[in-house]
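K.L.:
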Amino acid sequence: MAIEELKKAKREIQEQEAGPKDPTLELGAITQDPHRSELLNHILEQDSDEGAQLKERLAKNELREGDIGRLERARQKLEERIHATKKLLESLTAEQLANIADAENIPGKDEGYMKSFVNGIGADRTRALIEKHIELVAVKAPDRLKEIEERIRRVEAYQQGEYRTKDEQVEALYQKYGLKDSNVAEIFQIQDNTKRADALRGLVKERMSRFGRVANFLTGGMLATDRATLLLGQRSAMEEKLNELNGYLADVGGALNLSLDEHKEVRQTFVHELKNENDAEAKEGAPLSFAEAAQLFSQNIDAEAANDEWEQYKAEQRKASKRPDEAKFRAAYLKKRMGRARGSWSSLFGSMFEDVLKGYKFVA
Amino acid sequence: MDDIYVQLKGVIDRGTEQDVRAFLSNPDNLAKFPQSIQAEIVGSFFEERLDDTGGGIGIVERYKDQGIKMANELEGGKRAVEDAIKAKDIQEKLAE
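Chains C and F, in that order, are what the protein sequence lines are.
Counting from 1, one number per residue, gives the positions in the first sequence under my numbering.
Counting from 1, one number per residue, gives the positions in the second sequence under my numbering.
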């Protein structure tokens, strides 16, 4: 046992000494690849102020003693993140990507944008761009990488029928109480897409509200209170209570039935409304929405305002007998302007703003 | 400022959210952005789609768990009422 462990440790040391197995992850190759060197720069920036300075020296090819060691540590970190991404992407097969792109559209939110990429630039190019994006997420926001991994796993599990048992319980409940979804059938008679989507949203909201009422009844301990009263009550009161409970069971069954795959459009509307409710509850500290991030980006595009702030910064630095540092100013300005950089939309519009900012010329 | 950003700002300022989304997902417009931004655009739409599908599944499953638990509680409540009615029947028969 001990010998085996020693052998394993020796192998690990030899592997580390041998450097990366993948030649594209050698330092020289990384610095030649614009995408990978951007990732390395992010890792250096996260490291410390010293890392940011090292990034500058690397760009100018002015490395000092000790820099190679620091660069190698950053490279190893990058290698780890890239391996994590590759592992995650193994489960994102072309079929999986097509399934995600082909999923029913959410009225007013998703009008087939993923499909537009797959059809317009091809599945391979779409997947290659997603891979680059996920590598960037792995470096900039590892927590989001875990969320992505979890969601890919859930889609896979759902497609393989892992949640089928629960669906069967829901179906049994629905059958037991002889519930009929005549309302859904009526809605599907509506030919106009917008009107049908509105009617579906109305039905889903009504059922969710009834479900919420039953949840309040139960969490309020009403069942136990009723039971005590019933023992002393009249037969008519008991029968009334029985009807009430049957009504509640029908409300629960009716809401859960929306989650089944019977009608994809119903399920999508239900998922969308549930997510809206969930996002509204988590609004505090939540990532910026698409519309919020886009607005922020547009409002910030103002070369004159950026120049005014630069002049102010320069004056303050000189007053404090310091040399104005343009790179530092740009980084601080970007952070200040784009606010909380959480979520994919704020990250995307933040990167766009950074790109626009690169075009602004500041007088030293 | 690059022309593509001028156009994008115009769509954000004058159009709807759907117009902005359609602008970014148009392959001809996409090709005009730098490579790294192209990856972020496609990747962000992918993340959103994944959030709606994978994230949605998680929320629905929690909802189902809650609903099944609620149905079981209500079933228990129903049994108690049915038992009370049966007891009432016996009481009434004995009193006859």
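Every residue, glycine too, gets a C-beta built ideally from N, C-alpha and C.
Predicted, not measured: the structure shown is a model, and the values here were computed from it.
Going by C-alpha to C-alpha distance, which of C:Gly202, C:Arg36, C:Gly161, C:Gln312 sits closest to Ile57 of chain F?
P.N.:
If we check each option's Cα against that of Ile57 of chain F, C:Gly161 comes out closest.
K.L.:
Hey, is Arg21 of chain F's beta-carbon within less than 8 Å of any beta-carbon in chain C?
P.N.:
Cβ-Cβ to chain C under 8 Å: yes for Arg21 of chain F.
K.L.:
Return helix, strand or coil for Ile301 of chain C, following the three-state DSSP convention.
P.N.:
Reduced to three states, the DSSP call for Ile301 of chain C is coil.
K.L.:
For Tyr113 of chain C and chain F, any beta-carbon pair shorter than 8 Å?
P.N.:
Taking Cβ atoms only, chain F reaches closer than 8 Å to Tyr113 of chain C, which makes this a yes.
K.L.:
Got a sec: which bits of the stretch 47-72 of chain F sit with their beta carbon under 8 Å from any beta carbon on chain C, in order along the chain?
P.N.:
Residues passing the 8 Å Cβ filter: Glu47, Glu48, Arg49, Leu50, Asp51, Asp52, Thr53, Gly54, Gly55, Gly56, Ile57, Gly58, Ile59, Val60, Glu61, Tyr63, Lys64, Asp65, Gln66, Gly67, Ile68, Met70, Ala71.
K.L.:
Tell me which same chain residues have a C-beta within less than 8 Å of the C-beta of Ala199 of chain C, skipping the five on either side of it?
P.N.:
Contacts found: Ile187, Ile190.
K.L.:
Helix, strand or coil for Thr24 of chain C per DSSP?
P.N.:
Three-state DSSP puts Thr24 of chain C in a helix.
K.L.:
So that I know if they touch, is there some Cβ in chain F lying closer than 8 Å to that of Leu88 of chain C?
P.N.:
No, its Cβ sits nowhere closer than 8 Å to a Cβ of chain F.
K.L.:
So, with DSSP's three-state summary, where would you put Gln108 of chain F?
P.N.:
Past the edges of chain F, shown from 1 to 96, lies residue 108 of chain F, and the structure says nothing about it.
K.L.:
Count the other C-beta atoms from every protein chain shown that fall within 10 angstroms of the C-beta of Ile82 of chain C, then say buried if there are 16 or more, exposed otherwise.
P.N.:
With 16 or more other Cβ atoms within 10 Å, it is buried.
K.L.:
Verify the CB distance criterion: does Met338 of chain C have a CB-CB separation below 8 Å to chain F?
P.N.:
Answer no: the Cβ-Cβ gap between Met338 of chain C and chain F never drops below 8 Å.
K.L.:
Going by beta-carbon coordinates alone, are Gly254 of chain C and Arg210 of chain C separated by less than 8 Å?
P.N.:
A contact, by the Cβ cut-off of 8 Å.
K.L.:
Buried or exposed: Val363 of chain C, going by 16 or more other Cβ atoms within 10 Å of its Cβ?
P.N.:
By the 10 Å Cβ count, Val363 of chain C comes out exposed.
K.L.:
Note down, in chain order, every chain C residue with its Cβ under 8 Å from the Cβ of Asp3 of chain F.
P.N.:
Within chain C, no residue comes near Asp3 of chain F; the closest Cβ sits about 11 Å away, beyond 8 Å.
K.L.:
With a 10 Å radius around its C-beta and 16 neighbouring C-beta atoms as the bar for buried, classify Asp251 of chain C as buried or exposed.
P.N.:
Label assigned to Asp251 of chain C: buried.
K.L.:
Report yes or no: do the stretch 120-134 of chain C and the stretch 31-45 of chain F share at least 3 C-beta pairs separated by less than 8 Å?
P.N.:
As far as the Cβ criterion goes, the stretch 120-134 of chain C touches the stretch 31-45 of chain F, which means the pair count is three or higher.
K.L.:
Give the secondary structure of Ile190 of chain C by DSSP, where H, G and I count as helix, E and B as strand, and everything else as coil.
P.N.:
Coil at Ile190 of chain C, not helix or strand.
K.L.:
For Arg330 of chain C and Lys146 of chain C, I'd like the C-alpha separation in whole angstroms.
P.N.:
Roughly 30 Å between the two C-alpha positions.
K.L.:
At a CB distance below 8 Å, what residues from the stretch 286-301 of chain C approach chain F? Give them in sequence order.
P.N.:
Per Cβ criterion, the list reads Phe290, Ala291, Ala294, Gln295, Phe297, Ser298, Ile301.
K.L.:
Counting contacts by CB-CB distance shorter than 8 Å, is Val214 of chain C in contact with chain F?
P.N.:
Judged by the 8 Å Cβ criterion, Val214 of chain C is in contact with chain F.
K.L.:
When the distance is taken between beta carbons, is Ala74 of chain C closer than 8 Å to Leu33 of chain C?
P.N.:
Residue identity differs from the one stated: residue 33 of chain C is Asp in this sequence, not Leu. Cβ distance not < 8 Å, so Asp33 of chain C and Ala74 of chain C don't count as in contact.
K.L.:
For the alpha helix (DSSP H) containing Asp167 of chain C, list its first residue and its last residue.
P.N.:
Its alpha helix (DSSP H) spans residues 164-176.
K.L.:
Between Gln38 of chain F and the rest of its own chain, which residues show a CB-CB distance below 6 Å, the 5 nearest in sequence each way excluded?
P.N.:
Contacts found: Leu30.
K.L.:
Taking the alpha carbon of Asp22 of chain C as the reference point, which residue from C:Val170, C:Lys86, C:Gln295, C:Asn61 has its own alpha carbon closest?
P.N.:
For the residues C:Val170, C:Lys86, C:Gln295, C:Asn61, the minimum Cα distance to Asp22 of chain C belongs to C:Lys86.
K.L.:
Distance cutoff 8 Å, beta carbons only. Does Ser38 of chain F sit that close to anything in chain C?
P.N.:
Looking at the sequence provided, one finds Gln at residue 38 of chain F rather than Ser. Output row for Gln38 of chain F: interface = yes.
K.L.:
Mind listing, in chain order, the continuous beta strand (DSSP E) runs of no fewer than 3 residues lying wholly within the stretch 67-93 of chain C?
P.N.:
Those beta strand (DSSP E) runs which fall completely within the stretch 67-93 of chain C and span 3+ residues do not exist here.
K.L.:
By the criterion of Cβ-Cβ separation under 8 Å, what are the contact partners of Val155 of chain C in chain F?
P.N.:
Ordered by position in chain F, the residues that pass the 8 Å Cβ test against Val155 of chain C are Leu50, Thr53, Gly54, Ile57.
K.L.:
So which residues of chain F does Leu218 of chain C contact, with C-beta pairs closer than 8 Å?
P.N.:
Correct list: Met70, Glu73, Leu74.
K.L.:
Express the C-alpha separation of Glu273 of chain C and Lys203 of chain C in angstroms, rounding to a whole number.
P.N.:
The amino acid occupying residue 203 of chain C in the given sequence is Leu; Lys does not appear at that position. Leu203 of chain C and Glu273 of chain C: Cα-Cα distance of roughly 11 Å.
K.L.:
Is the CB-CB distance between Ile134 of chain C and Leu50 of chain F below 8 Å?
P.N.:
Contact: no.
K.L.:
Taking a contact to mean a Cβ-Cβ separation below 8 Å, would you say Gly54 of chain F touches Ile152 of chain C in this structure?
P.N.:
Yes, Cβ-Cβ distance for Gly54 of chain F and Ile152 of chain C is below 8 Å.
K.L.:
Quick check: the Cα distance between Leu382 of chain C and Tyr5 of chain F, rounded to an integer number of angstroms?
P.N.:
This structure gives no information on residue 382 of chain C, because the portion of chain C shown stretches from 1 to 364.
K.L.:
Could you check whether the Cβ of Lys32 of chain F sits closer than 8 Å to any Cβ belonging to chain C?
P.N.:
Not one chain C Cβ lies under 8 Å of Lys32 of chain F.
K.L.:
Could you check how far apart the C-beta atoms of Lys78 of chain F and Leu245 of chain C are, in whole angstroms? I think they sit under 8 Å.
P.N.:
With a Cβ gap of about 5 Å, Lys78 of chain F and Leu245 of chain C count as contacting.
K.L.:
Between Val60 of chain F and Arg36 of chain C, what straight-line distance do the alpha-carbon atoms span, to the nearest angstrom?
P.N.:
The alpha-carbon atoms of Val60 of chain F and Arg36 of chain C are separated by roughly 38 Å.
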